[in-house]
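Notes follow the structure.
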Amino acid sequence: MAVINSGFGGRRGASDLRLPPGQTLVDDWPVLTAGLTPDVGAHEWTLTITTETGAEHNWDWNALQDVGVEDIITDIHCVTHWSKLDMAWRGVPLDRLFEDVETSYDYVMARSHGGYTTNVPLEDLLDGQAWIATEADGEPLTPEHGGPARLLVPHLYFWKSAKWVRELRMMPTDEPGFWEQNGYHLRGDPWREERYW
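Residues in the sequence shown are numbered from 1 upward in steps of one, following the UniProt record's numbering.
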C-alpha cells in the first residue's frame, strides 16, 4: 500500500470506479479559497435570483429553511485532483427555488460575498443536480467551507460550488467567472477532465 501523504489514500485504481480520471481519494476536506474568508452570519445572509428583466426573488435564512431542506449523500471532486466520496450534506434544492422564476436565459453567474463568481449552465442546476447547502457531515457549514451557505453542484468540479453564495444572476450567454477568466474550463465536468481551457 502506497502512502502519498496525510489524508490521501492513493491514486484511482480499478476498485475506485467512482473516482474520475486523475483524482486522488481523501478522507479529510481540504480548504481552498480564492481571497479572504468573508464574515457573514446566518442572521444577515440572503440569496437572490435575478432574472433578465431585473426581477429579484429573495430568501433570507429563515425563508430558505421554509422552502424545504433535504439530505444529500454525494461525492465531490476538486480540480486540484482530490475527491471525497459519500459526503453527507443538507440543503435546499435549486429546483424549488426556481419554481416561480420566469426566465428564457440558459446560463447563471453565481456571485458570492467577497466577490467570487462562477458561471454555470442552468441545466446543471436543475433536475435534482444542485442545492444551496447549509450543512456538511452533520454540522453547519463553517466559514472556511463556505458557511453559512454555499452552492453545491457535485457533478461538476468543486470550484463551481461557490462558497458564501449570495446571488444567482441569469445570463443570455456563458460568460466566464473568476477561475474561468484565469484559464479554468467553462463547464468543469470531472469525468471529462475539463480542468482548463
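C-beta atoms are modelled at their ideal positions from N, C-alpha and C, and glycine is treated no differently.
- The bridge partners DSSP lists for Gly91 are Glu70 and Ala133.
- Judged by DSSP secondary structure, Glu180 falls within the alpha helix (DSSP H) whose first and last residues are Phe178 to Gln181.
- Cβ contact annotation for Arg111 (same chain, cutoff 7 Å, sequence separation greater than five): Thr117, Arg166, Glu167 and Arg169, in chain order.
- Short of 8 Å from the beta carbon of Gly188, and not among the five residues preceding or following it, lie these beta carbons of its own chain, in chain order: Val79, Leu156, Tyr157, Trp159, Lys160, Glu194 and Arg195.
- Between Asp106 and the set Leu125, Thr33 and Pro21, the nearest pair of CA atoms involves Leu125.
- Pro21 sits in coil when the DSSP states are folded into three classes, being neither helix nor strand.
- Sequence-distant Cβ neighbours of Asp71 in its own chain, meaning closer than 8 Å and more than five residues away, are Ala88, Trp89 and Arg90.
- Around the beta carbon of Gly115, fewer than 16 other beta carbons lie within 10 angstroms, which makes this residue exposed.
- A distance below 7 Å between beta-carbons, with the five flanking residues on each side excluded, links Thr50 to the following residues of its chain, in chain order: Glu56, Glu167, Arg169 and Met170.
- In the DSSP assignment, Arg169 forms a beta bridge with Thr50 and Met109.
- Exposed is the label assigned to Glu123, since fewer than 16 other Cβ atoms lie within 10 Å of its Cβ.
- The alpha carbon of Asp75 has as its nearest neighbour, out of Asp66, Asp137, Pro143 and His185, the alpha carbon of Asp137.
- By the C-beta density criterion, Pro148 is buried, having at least 16 other C-beta atoms within 10 angstroms.
- C-alpha of Gly177 to C-alpha of Asn119: approximately 5 Å in a straight line.
- Around the beta carbon of His43, a 10 Å sphere encloses fewer than 16 other beta carbons of the protein chains shown; the residue is thus reported as exposed.
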